Structures are given as structure tokens and as C-alpha cells.
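Reading through the C-alpha cells given below for one structure.
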Amino acid sequence: MNFDRHHLLGMEGLTREEIETILTTAESLKEISFRDIKKVPTLRGKTVVNFFHEPSTRTRTSFEIAAKRLSADTVSLSANTSSLVKGETLVDTARNLEAMNPDVIVIRHSMAGAPHLLSRMTKPSIINAGDGMHEHPTQALLDLLTIREKKGRIEGLQVAIIGDIAHSRVARSNIIGLKTMGAEVMVAGPPTMIPPFIESLDVGVTSRIQEAVAWADVIMMLRVQLERQQQMLFPSLREYSRFFGLNLETMNKAKRDVIIMHPGPINRGVEIHPEVADGPYSVILDQVTNGVAVRMALLYLLLGGKKSEMAD
Amino acid sequence: MNFDRHHLLGMEGLTREEIETILTTAESLKEISFRDIKKVPTLRGKTVVNFFHEPSTRTRTSFEIAAKRLSADTVSLSANTSSLVKGETLVDTARNLEAMNPDVIVIRHSMAGAPHLLSRMTKPSIINAGDGMHEHPTQALLDLLTIREKKGRIEGLQVAIIGDIAHSRVARSNIIGLKTMGAEVMVAGPPTMIPPFIESLDVGVTSRIQEAVAWADVIMMLRVQLERQQQMLFPSLREYSRFFGLNLETMNKAKRDVIIMHPGPINRGVEIHPEVADGPYSVILDQVTNGVAVRMALLYLLLGGKKSEMAD
Amino acid sequence: MNFDRHHLLGMEGLTREEIETILTTAESLKEISFRDIKKVPTLRGKTVVNFFHEPSTRTRTSFEIAAKRLSADTVSLSANTSSLVKGETLVDTARNLEAMNPDVIVIRHSMAGAPHLLSRMTKPSIINAGDGMHEHPTQALLDLLTIREKKGRIEGLQVAIIGDIAHSRVARSNIIGLKTMGAEVMVAGPPTMIPPFIESLDVGVTSRIQEAVAWADVIMMLRVQLERQQQMLFPSLREYSRFFGLNLETMNKAKRDVIIMHPGPINRGVEIHPEVADGPYSVILDQVTNGVAVRMALLYLLLGGKKSEMAD
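Chains as they are written, first to last, in our numbering: chain A, 278 to 589; chain B, 278 to 589; chain C, 278 to 589.
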């Protein structure tokens with residue numbers, strides 16, 4: 278194994294070997310969640326702080342469960358209960374947390390670069406759980422794990438990412454991770470949702486979902502941020518759904534062994550139709566299960582755990 | 278012992294033998310909370326998710342303490358921090374939780390039938406912690422435990438339930454449980470708060486609190502939902518208190534060995550007067566203590582624990 | 278060691294010997310937070326309830342981490358999730374919590390005297406985590422620990438407390454604690470922020486920050502409660518900062534070995550300027566680290582732990 282990083286800030290900069298170490302570690306930790314006693318003593322006496330400035334079910338819960346299954350102690354702070362309401366700066370809050378000697382701070386923040394800022398100011402390991410429209414690396418890693426698990430490999434696969442590419446940290450982290458692992462990527466979405474200079478990332482582009490679906494071994498649907506709809510990136514949800522929603526008709530052109538992914542939470546009937554989300558190609562819930570495994574792996578690797586400690 | 282259910286959705290359908298198993302298990306687990314070290318390793322490595330869509334102190338805290346005293350890991354989600362704010366459906370949120378391999382999901386929801394819906398869609402054990410105006414079975418079970426503890430039996434006792442019967446899940450679950458256990462039930466309240474067809478449940482009805490109080494071995498007062506007062510089910514709180522509040526004068530007609538129960542939180546001076554709530558007949562705080570014991574018993578029974586594991 | 282109290286309600290009434298026992302215990306527990314495995318089994322099976330009615334990052338988190346490092350179970354209630362939204366009284370909520378057999382209730386409340394009230398009504402140990410404008414004893418104790426650690430002693434030191442003395446529970450608890458330990462205290466602030474009869478506490482008073490700074494071995498800056506500014510205790514933040522903010526110019530007159538303290542969260546550029554908060558005299562983050570140690574010591578002492586149990 279080859280992993281001596283202290284933080285996980287983004288997919289940017291991770292080597293292929295590092296990603297493979299994370300995925301392989303996650304695969305070996307995954308079975309703990311299927312045991313009768315879902316707990317190993319590996320991280321006993323470690324303190325993991327979940328510091329979330331944006332609402333989240335699955336990511337916060339996933340980190341909390343991952344930490345607890347490794348026997349770490351967890352403390353959760355959300356924006357509305359923290360001193361931020363009193364006007365303290367992010368860095369001051371983080372330094373204060375640091376002074377309580379946590380081992381890891383998991384941070385989600387609306388400001389791009391917030392985790393990077395903290396990593397330069399504080400000693401504990403920082404894990405980026407989503408920073409603005411920048412990166413969401415643990416999502417990309419759980420997606421990569423799911424692809425490797427379902428398809429047996431990542432290299433050479435054709436992956437279509439469909440939706441609001443321009444504003445999605447999930448898309449950005451996945452593009453970086455997929456390219457690093459040797460996959461081909463095509464993005465599809467309305468022109469207002471395709472970032473300029475996207476071709477410079479060596480990524481194909483189309484405005485026709487049919488083209489992307491027909492080409493893909495893996496389809497990643499992005500969530501429509503309903504809360505952002507007032508920006509009028511597209512005329513109406515109905516129109517978005519008609520042109521960019523994944524439904525049974527669109528799926529007619531897909532490969533037989535395609536898999537369909539979505540970072541959740543899904544908007545049924547908007548970007549993905551129920552018969553597809555719940556259908557045989559969907560691996561959406563496998564992604565959630567792999568999320569716990571990937572987060573266990575990261576906590577384990579960042580805290581320098583030793584393999585021998587993992588037995589219970 | 279005889280208990281092989283996977284869920285606890287309501288009092289409806291529980292047999293007398295099953296209820297007795299729960300109560301007896303609760304009685305034997307209760308003493309753990311009075312030890313110096315209030316913890317047994319029985320449910321180590323189990324994950325209990327508390328998923329609460331309505332505010333609650335005692336129920337959520339009670340479940341959390343119950344789980345921790347059995348060494349289970351707990352994760353709490355409330356409506357305002359969950360993805361529900363992003364428009365995800367209840368079933369999708371539950372399936373996502375399920376994908377993280379919890380052993381139990383404890384759910385409180387404003388929609389009647391929400392726990393039943395989840396129990397049909399997901400694998401973990403579902404415990405109903407209150408669903409709309411439908412059921413609140415752990416409240417009924419802790420009430421039954423308290424009655425059995427204080428009166429030595431349930432069968433044949435005369436139990437008066439006083440207040441807003443029509444809109445109370447506590448009343449509903451208690452009526453079902455009490456009848457199953459062989460008690461007699463009389464309900465009392467203003468006519469607007471008595472559900473139609475109540476007699477079909479083989480329950481007595483009166484609109485005079487004095488009649489119910491004089492008849493009862495056990496008096497269960499219901500909470501006035503102040504937040505529902507705008508529906509004008511009664512003219513004013515003052516009037517409600519005068520006609521249906523339990524005070525010392527009303528208690529004059531009660532039996533000498535009556536016990537007074539309330540599911541809490543109490544509205545002092547509305548449905549119950551302080552001198553009664555804090556008086557010698559009140560077992561309100563015993564109910565809270567028994568709440569922890571009943572929830573420990575349910576977690577233990579649903580997760581199939583073995584008696585021999587309970588020693589510390 | 279000499280400590281047989283059941284509650285920690287305030288600095289008022291604590292003897293010098295008791296304070297020294299707390300500080301010495303905290304010093305010995307502090308190193309646990311610097312171990313690789315930051316956890317001892319001392320309070321396994323104890324239940325600590327954090328009951329916070331006002332927002333707080335550091336105090337709640339500090340108590341939660343302190344409890345977990347001693348292996349206690351923790352449950353957190355905040356005002357908005359508790360039954361208080363349903364109109365229950367504080368005493369009823371506390372009695373309900375008590376009925377679940379916690380060992381300690383840590384309470385922060387906007388009402389002065391709330392912890393004292395609870396301590397008379399309930400059995401568990403009560404720790405005051407801040408009550409209105411009355412006391413904040415764990416803050417004073419962590420401040421005393423920091424002073425003793427940095428200066429080698431408390432007796433005979435000259436301590437300046439600067440800011441809104443009249444409305445600060447931190448100031449009040451510190452004045453009592455410092456006087457008990459034999460320090461000299463001078464307070465400085467605008468006349469509207471100096472309480473009447475302050476001299477009766479045997480405390481010096483000045484309205485010139487320069488005088489206080491030049492005199493002090495220890496400078497404690499108080500937080501400006503921005504949310505209270507509408508009361509017009511001073512004309513503007515800019516004016517406050519100019520006359521009572523600690524900046525490099527004011528520090529010119531300070532002793533060479535002075536230390537600067539602040540209870541946090543700091544308002545950068547208001548009561549303290551960044552170059553001072555982050556400068557060499559600042560011990561602000563040491564205070565936070567000592568906060569965990571002091572809270573561990575209190576939990577340990579109140580629950581009557583034995584020294585021999587502290588080994589891991």
C-alpha cells in the first residue's frame with residue numbers, strides 16, 4: 278500500500294496508485310458493515326469532528342457510521358448550532374476545534390477552497406465533504422469503487438455524465454478521478470450547464486442525452502438543484518425532464534450492460550424517472566453502501582492505521 | 278420467551294403473549310439503568326438510526342439512551358438536517374439509510390402509516406416512535422409496564438383516558454394495548470374530541486370527567502395540543518381546564534389507590550394541575566424511567582439478543 | 278484530594294483548596310488528549326446529558342469530547358429540538374431527563390440561576406455551562422488553569438479584565454475565582470459597562486485600557502456581544518474598538534511577559550486586533566485545550582472516579 282497523505286482535499290492531485298490504494302482498502306473494509314457485529318477497534322480513541330455548513334443526510338450520516346464502525350468517537354457541528362452564528366470566522370472556528378485535539382475534521386462548506394484553507398492552518402487531517410461548486414472527492418471515490426466493483430475495471434470504460442456539469446462538484450471530482458484512472462468521459466447537458474473550456478479536460482461534449490447514453494458503459498446522472506432553478510438555466514423542470522431526464526425510452530439506446538449512477542438525493546421524474554432509478558441497471562444504492570466503505574478507508578488511511586489492527 | 282417479530286409498528290396485531298414478553302424483558306433490563314456502570318455489551322456493533330421528523334425530547338433521548346446502555350451505536354437525523362429539505366421522498370431517504378446497513382430505524386413522522394410503509398420497503402427493523410394521529414406503541418408499552426408495576430396486574434383494571442381522544446395516537450395505542458391485556462377502558466372528553474364509532478372498540482364513553490375519575494383504577498390524562506387550539510375544538514383553555522383538567526377537587530372522587538399517568542410533556546394548569554401532577558398518585562416520572570426500559574427491551578428483542586449476553 | 282461536591286454551579290462558594298484540586302486533576306488528565314489513543318475507561322457506563330438552550334460551539338463540543346475521552350455516553354439536547362418548543366417548563370424537562378437516570382446534566386440557559394434551580398430539584402450532578410449574565414464557572418476554571426500553567430502561579434498576579442464587565446458571566450466567574458486564588462483584579466471598560474458597586478468586590482476600576490494593560494500580568498479581553506449592540510452601550514463598534522480594543526499600539530505599554538486571554542469566539546478588529554490575537558502573548562488556543570482538560574476533571578471529580586481507574 279502506498280498512501281502517506283495527511284488530508285483528502287480533492288481528486289485533483291491524487292495519483293492513480295493512491296486512488297487504487299483507497300479503493301482496495303475500501304473493498305476490504307466493506308464486509309465489516311455486513312457482519313453481525315459491525316465494529317472493529319481500529320480507531321478507538323480517535324476523535325472525528327463532522328463540521329457541516331450545508332444540510333446533508335447521507336454524507337454526514339455516512340461519515341458518522343464509518344467512524345463508529347471503526348470505533349472512533351464522533352462529534353457533529355452544524356452551521357446553525359456553531360459559533361458561526363456569532364460571527365466567528367471559519368478559520369477561528371477551525372483553530373478552536375483543533376485546540377481540542379481531534380484527529381480528523383470532515384468539512385462541508387459552501388465556499389470553494391474552505392477545506393484547503395483549513396488544511397494549511399490546522400494540524401488534524403481534513404477531509405473535504407463538499408466545498409461549494411469545487412470538489413466532492415469522497416463522492417467520486419465511492420463512484421469509482423462502485424464502477425470497479427460492477428464492471429471489474431475503470432480503465433478504458435466510457436462514462437457519460439449528464440446534467441448541470443458547470444455547477445456540479447460531483448461532476449468535477451468524477452471527471453478528474455475518471456481521467457486519472459484511464460476512463461473516457463463524455464458530458465451532456467443543456468448549453469447553459471456546460472462549462473466553457475470543458476474540452477481542455479479531454480472530455481467529450483454533447484447536448485443530446487441520446488448520444489451520451491448510447492455511447493456509455495456507465496451513466497452518471499446529476500441532481501437538478503431545484504433551489505437553483507430561479508437562475509433560469511433552463512425554461513422549466515418539465516422541459517428539462519423531457520430533454521435531459523433519463524427514462525425508459527432514452528434507455529432503449531443504452532448498452533445491455535450499462536450501469537446507472539446518481540449521487541442522490543434523486544428528484545424522481547425530473548433528472549431520472551422512477552422506472553429507471555429503481556430498475557435493473559441502477560446501482561444507486563450500491564453507491565450509498567460503498568460510501569460508508571470509502572469513508573472508512575479514508576479515515577483508516579489518513580490516521581495511519583495498520584492492517585493487523587483491523588481484526589476484531 | 279416468544280417474540281419473533283422483525284418490526285414494532287403498532288399495538289395493533291400484538292398478541293397478549295408478545296406484550297407480556299416485552300414487559301417482562303423490560304422489567305429485567307430496567308435495573309441496568311440503576312447500576313453504577315449503566316451499560317451492557319449486548320448490542321455492541323449494532324447501528325440504531327433515530328429518524329425524527331417531529332420535535333421530541335423524551336422519545337428521541339429515551340431511544341438514544343436505551344441504545345447506548347446496550348452498547349449500540351446511534352446516529353440521529355432530524356427533519357431539518359436531512360435531505361428531506363432537498364425534496365427527497367421518505368422512501369428514498371429510508372432506502373438510502375438502509376444502504377448503510379443499520380440494524381434498526383426508529384422513526385417518528387407526521388404521516389400516519391409512515392413506519393409501515395418503510396417496513397415493507399426496507400430490511401432493517403422499523404420501530405414506530407409515533408406516526409401522525411395513528412399509533413405510538415412504545416408509549417403504550419411503557420404505560421402498560423408502569424401499570425403492571427404499580428398495580429401488580431393489567432387484566433380487569435378500569436382505565437380512564439381523558440382528553441382529546443380523537444386526535445391522540447397515545448390514546449389509540451393504549452386502548453388497543455389495554456383491551457388486548459384484558460383491561461376495561463372508558464374515555465372522557467368534550468364531544469368534539471371523541472371519535473365517532475368509539476363504542477365499536479368496546480370502550481365506555483362519558484363527557485363528564487367526574488364519572489371517569491370515580492370509576493378508574495388508572496387515570497391517563499392526555500396532553501392538550503396547544504398548537505392545535507386554533508381548530509377550536511373547545512372554546513378556551515380556561516374552559517377546557519375547568520371541565521376536563523384534573524385538579525384536587527376532581528380527585529376527591531377518585532379511588533384511594535388510583536394512579537395518574539400522563540405521556541408528557543404536561544401543560545401545567547391546563548389538562549393537569551400542579552398539585553396533582555406532583556402529588557402522591559402521580560406516576561408520570563415512573564413512566565419516563567420505564568420508557569428507557571421498554572425501548573431497551575424492544576431493541577434487544579428485535580435484534581434477537583440472547584439472554585446470556587446480557588451479563589456485563 | 279479534597280472534593281466532595283455533587284454539583285458545579287458557580288465559582289461562588291468554591292474554596293481555594295477545591296479549585297486547586299480541580300486544576301491539579303485537569304493537569305493530570307490533560308495528557309490524555311495528546312495520546313495516540315485519547316481515551317480512558319474511567320467513566321464507562323456513565324451518561325452525560327448536554328442540555329444547551331443557547332448556541333455554542335466550543336463549550337458543548339468541549340464537554341462532549343471531554344466525556345467521550347473518559348468513555349462516558351453523551352446525549353445532546355438543544356432548545357430547538359427539545360420539548361421546550363411545546364411549552365414544557367425547564368423543571369419538568371429536567372425532571373424528565375432525570376427519570377432516565379443520567380449521571381450528569383450539563384446546562385446552558387439564558388436564565389440566571391437555572392442550574393441552581395435544577396440542582397435543588399433533581400438528583401444528577403448539575404454543571405453550569407453558562408447561566409444568563411450570572412456565572413460561567415468552567416470558563417473561569419480553564420482560565421485559571423491556563424494562568425497557572427503559563428505563569429507558574431495565580432496568587433499575587435495582577436489580572437486586568439477589559440470590556441463589558443457588567444453583562445459578562447465570564448468576568449463575574451473570573452473575578453470570584455481570581456480573588457479566591459489570591460490574585461489582584463482590575464476591570465476596564467466604558468462607564469456604561471462597569472457594574473455599580475464593583476469596588477465592593479475589592480477590584481480596581483479604570484476607564485482607560487492603557488492603565489489596565491500597563492498594570493497587568495494577565496489581560497483578559499471580553500467578547501463584545503454584537504447582538505446586544507442595539508442597547509447602545511457604546512456609540513459604535515468603531516469607537517469601541519478605538520478606545521477598548523487591544524491592538525499593537527496599546528500593547529506597547531504592556532509587560533514583557535504578559536499573557537493575553539479571550540473566552541472566544543473573538544470579534545477580530547473589534548475587541549481584539551488580529552496581530553494581537555495571533556501574536557506571541559496570546560494564549561487563546563491554550564485556553565480551548567485546557568477547556569477539555571478542566572471539563573474532564575469536573576466530570577471525573579463529580580462522579581467520584583478513583584485515580585487508579587484512569588490508567589488505560
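By construction, the Cβ of each residue, glycine as well, lies at the ideal position given by its N, Cα and C atoms.
Please read these numbers as outputs of a predicted model, since none were measured by experiment.
Task: Residue range of the alpha helix (DSSP H) that includes C:Val368 - done: 367 to 375
Task: Test: C:Leu421 CB closer than 8 Å to a CB of chain B - done: No, C:Leu421 lies away from the interface with chain B (no Cβ there is under 8 Å from its Cβ).
Task: Members of the region 375 to 395 of chain C near chain B, C-beta cut-off 9 Å - done: Answer in chain order: Glu375, Ala376, Met377, Asn378, Pro379, Asp380.
Task: Which residues DSSP lists as bridging A:Ile496, in chain order - done: A:Ala437, A:Ile537
- [ ] Taking C-beta pairs closer than 7 Å, name the residues in chain C that B:Ile424 reaches, listed in chain order.
- [x] Result: empty, since nearest Cβ-Cβ is about 17 Å, beyond 7 Å.
- [ ] May I have the straight-line CA-CA distance separating B:Tyr577 from B:Leu320, to the nearest angstrom?
- [x] 7 Å
Task: Any 3 or more C-beta pairs closer than 8 Å across the region 565 to 574 of chain C and the region 367 to 386 of chain A - done: yes
Open item on the list: Can you confirm whether B:Asp281, when its beta carbon is compared against all beta carbons of chain A, has any partner nearer than 8 Å?
Closed with: no
Task: Proximity of B:Val535 and B:Asp479 at Cβ, strictly below 8 Å - done: no
Open item on the list: Is there a C-beta anywhere in chain C that falls below 8 Å from the one on A:Glu526?
Closed with: By this cut-off, A:Glu526 is not an interface position.
Task: Contiguous beta strand (DSSP E) assignments of at least 3 residues, all confined to the region 305 to 356 of chain B - done: Whole beta strand (DSSP E) segments, 3+ residues: 324 to 329, 350 to 355.
Task: Test: B:Arg372 CB closer than 8 Å to a CB of chain D - done: Looking for chain D here will not work: the only protein chains present are A, B and C.
Task: Residue(s) in a DSSP beta bridge with A:Glu461 - done: A:Gln435
Open item on the list: I'd like to know if A:Arg545 contacts chain B, where contact means its C-beta is closer than 8 Å to some C-beta of that chain.
Closed with: yes
Task: Check whether B:Ile299 and B:Val571 have beta carbons under 8 Å apart - done: Going by C-beta atoms, B:Ile299 is nearer than 8 Å to B:Val571.
Open item on the list: Counting only C-beta atoms, is A:Thr334 closer than 8 Å to chain C at any point?
Closed with: no
Task: Proximal residues to C:Ile561 (C-beta, below 8 Å), its chain only, five neighbours per side dropped - done: Excluding its 5 nearest sequence neighbours in each direction, C:Ile561 has C-beta neighbours in its own chain below 8 Å: Ile537, Met538, His539, Gly541, Ile543, Ala554, listed in chain order.
Task: Near-chain A residues of the region 481 to 503 of chain C (beta-carbon distance less than 9 Å), N- to C-terminal order - done: Cβ contacts with chain A come from Arg500, Gln502, Leu503.
Open item on the list: Short of 6 Å in beta carbon distance, which residues of its chain neighbour B:Gly481, apart from the five on each side in sequence? Order them along the chain.
Closed with: Met463
Open item on the list: Please report whether the beta-carbon of A:Gly541 lies at a distance below 8 Å from any beta-carbon of chain B.
Closed with: yes
Open item on the list: For a contact defined as C-beta to C-beta under 9 Å, what are the partners of A:Leu562 on chain B?
Closed with: Arg372, Asn373, Glu375, Ala376
TODO: Using three-state DSSP, classify A:Ile543 as helix, strand or coil.
DONE: coil
Task: Distance between beta carbons of A:Gly454 and A:Met288, contact taken as under 8 Å - done: 4 Å
Open item on the list: Taking its Cβ as the centre, do 16 or more other Cβ atoms sit within 10 Å of C:Thr292, making it buried, or is it exposed?
Closed with: exposed
- [ ] Taking 8 Å as the cut-off, decide whether the C-beta atoms of B:Ala465 and B:Ile431 are in contact.
- [x] no
Open item on the list: In whole angstroms, give me the CA-to-CA distance for C:Lys316 and C:Pro472.
Closed with: 43 Å
- [ ] Express the C-alpha separation of A:Asn279 and A:Lys456 in angstroms, rounding to a whole number.
- [x] Going from the Cα of A:Lys456 to the Cα of A:Asn279 covers about 20 Å.
Task: Neighbour list for B:Phe511 in chain C, Cβ cutoff strictly below 9 Å - done: Within 9 Å Cβ-Cβ: nothing; B:Phe511 doesn't reach chain C, min ~17 Å.
TODO: List the whole-angstrom C-beta distance separating A:Asn327 from A:Ser353, where the pair is believed to meet the contact cut-off of C-beta under 8 Å.
DONE: In this structure A:Asn327 touches A:Ser353 by the C-beta definition: roughly 4 Å separates them, less than 8 Å.
TODO: Write down every uninterrupted run of the beta strand (DSSP E) in the region 369 to 417 of chain C whose length is 3 residues or greater and which is fully enclosed by it, in chain order.
DONE: 381 to 386, 402 to 408
TODO: Going by CA-CA distance only, name the one from A:Leu434, A:Ala391, A:Ser484, A:Ile452 that's closest to A:Ser477.
DONE: A:Ile452
TODO: Go ahead and label C:Ile438 buried or exposed: buried means 16 or more other beta carbons lie within 10 angstroms of its beta carbon, across all protein chains shown.
DONE: Per the 10 Å Cβ criterion, buried.
Open item on the list: By the 7 Å beta-carbon criterion, what residues does the region 553 to 581 of chain A contribute toward chain B?
Closed with: Leu562, Val565, Thr566, Val569
- [ ] Could you please give the first and the last residue of the uninterrupted alpha helix (DSSP H) stretch that includes B:Val501?
- [x] From DSSP, B:Val501 is part of no alpha helix (DSSP H); its letter is neither H nor E.
Open item on the list: Tell me which residues of the region 298 to 310 of chain A have at least one Cβ-Cβ distance to chain B shorter than 7 Å, keeping chain order.
Closed with: Ser310
TODO: Count the other CB atoms, across all protein chains shown, that sit within 10 Å of the CB of C:Phe329; report buried if there are 16 or more and exposed otherwise.
DONE: buried
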